[in-house]
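Notes for the one structure printed next.
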Amino acid sequence: MTWIILTVFLLLTAAASLKFSKVAASKATTKSFSDDPWSATSTCSKAAGWLAVGGVVLLTVLSSVYIMNPGHVGVIKTFGNLSGVAAQDGRGGTAIVAPWADVSDVSVQIKKADFTKIQAFSKETQDVFVDARLSLSVDPKAVRILYTRVGPNWFDVLIPGLVDQTVKEETVKFSTTEEAPNRALMSVDIGASLQTALYSQFCPQASNGCFSPITVTAFQLRNISFDPAFTTAIRDKQIAAQRALQARNNVATAKYQADQVIASAQGAAGATLVNARAQSKANDLLAASLTPELIQFTLIKTLGPTIKTIIAPGITTGILPGLGK
């Protein structure tokens, strides 16, 4: 539309300038600019007319050439109707289109979108809140189908609703305690379900050769949370379980320590009994072996050879027999 408006304006300018140039030339009496102003006016008008024609040519060339970046295609619209796709292989390059056509740059690279606090339910109908990231891409050769069937705002039209529905269908399969441990499995299943749902949008009858122009490259459940009251209840239950486990451990530790004390006491008592029995037996053997001569010999050996007299209370002083010999 811009090209048409500018081209019409420039052509009218060129036609008017050239026409006025002829009128001025017919009134000129000489070709000298200084002597005849009509001659100068004719020359300037003619130059302006040809400049306008050159402007039309330049504008046409510039409006016909588009340079597409890799990973992008150009959606061509003629008078508001989709008429084609430039650089349809997605590799980029130079595209030649009609100067009166409008070209919109469309990315076919992987697109990432984050979804926060998707409200779903668990198997027990507890509220589940999901944060997720979706990665998808568009087939460059199917951009025309996508824009014809859905439009340029295809993402807002299709994706949020499908993500919300698919997440709800998946989380309800698990209980609240199973949601987090199975997050990786749920991510894979949701991604596959999304791809199936997109296929159904474009191929409702599952005909041969039909395909979805949108491909789900990855789906990730980044976080799973629950209602604050439920989270508090779970935390309190875990704390109570941990305290009960700690109490059981304390009881087991005390019992073990008591068993150690008992075992130690039994060991000490047994050792005392053994020592007593051994000492009693030793005393019996010693008593059986004592004779007056052995006692006298032991006393003499203990006192030494130089002691001949012993004085003690209640004992009459005397000389031990054999002393000094």
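Going by our numbering, the sequence shown opens with residue 186, and the numbers climb by one from there.
Quick reminder that beta carbons are idealized off the backbone N, C-alpha and C, glycines included.
Computed from a prediction, not measured in an experiment: that's the story for all the values here.
Q: Under 8 angstroms Cβ to Cβ from Trp188, same chain only, skipping five residues before and after it: list those, please.
A: Result list for Trp188: Leu244, Thr245, Ser248, Pro284 and Trp285, in chain order.
Q. Leaving out the 5 sequence neighbours to the left and right, which residues in its chain are closer than 7 angstroms to Ile190 when beta-carbon positions are compared?
A. So no residue of the chain qualifies.
Q. Where does Val282 fall in DSSP's three states?
A. Of the three classes helix, strand and coil, the one that applies to Val282 here is coil, per DSSP.
Q | For Gln386 and Val401, believed in contact at Cβ under 8 angstroms, the rounded distance | A | The distance from the Cβ of Val401 to that of Gln386 is about 12 angstroms, inconsistent with a contact at the 8 angstroms cut-off.
Q) Once you ignore the five residues that flank Ser322 on each side, which residues in its own chain have a CB closer than 8 angstroms to its CB? A) Excluding residues within five positions, the ones whose Cβ falls inside 8 angstroms are Val293, Gln294, Ile295, Lys296, Ile399, Thr400 and Thr402.
Q: Decide yes or no for the touch test of the segment 431-445 against the segment 402-414: beta carbon pairs closer than 8 angstroms, at least 3 of them.
A: Cβ pair count under 8 angstroms is below three, so no.
Q) Are the beta-carbon atoms of Lys262 and Asp287 separated by less than 8 angstroms? A) Yes, Cβ-Cβ distance for Lys262 and Asp287 is below 8 angstroms.
Q. How should Ile281 be labelled, buried or exposed, when 16 other C-beta atoms within 10 angstroms of its C-beta is the threshold for buried?
A. By the Cβ neighbour-count rule, Ile281 is exposed, with fewer than 16 other Cβ atoms within 10 Å of its own.
Q | Where the beta strand (DSSP E) through Arg318 begins and ends | A | Start and end: Asp312 to Val323.
Q) Mind pulling the alpha helix (DSSP H) runs of 4 or more residues that sit fully within the segment 441-481? A) Counting whole runs of 4 or more residues, the segment 441-481 contains no alpha helix (DSSP H) stretch at all.
Q: Check whether the Cβ atoms of Leu383 and Leu347 lie closer than 8 angstroms to each other.
A: Yes.
Q. In chain order, what residues of the same chain have a beta carbon less than 8 angstroms from the beta carbon of Lys311, not counting five sequence neighbours either side?
A. Checking the displayed sequence, the identity of residue 311 turns out to be Gln instead of Lys. Within the same chain, Gln311 has close Cβ partners Thr361, Phe411, Asp412 and Phe415.
Q. Can you tell me whether DSSP reads Asp374 as helix, strand or coil?
A. DSSP places Asp374 in helix when its eight states are reduced to three.
(Q) I need the straight-line Cα distance from Gln427 to Gln350, nearest angstrom please. (A) Going from the Cα of Gln427 to the Cα of Gln350 covers about 38 angstroms.
Q | Residue from Ala432, Leu236 and Leu458 whose Cα sits closest to the Cα of Thr198 | A | Ranking Ala432, Leu236 and Leu458 by Cα distance to Thr198 puts Leu236 first.
Q | Beta bridge counterpart(s) of Thr263 as assigned by DSSP | A | Its beta-bridge partners are Asn266.
(Q) Classify Val436: buried if its beta carbon has 16 or more other beta carbons within 10 angstroms, exposed otherwise. (A) Exposure of Val436 is indicated by the presence of fewer than 16 other C-beta atoms within 10 angstroms of its C-beta.
Q | Three-state secondary structure (DSSP) of Asn408 | A | Looking at Asn408 - three-state DSSP - the assignment turns out to be strand.
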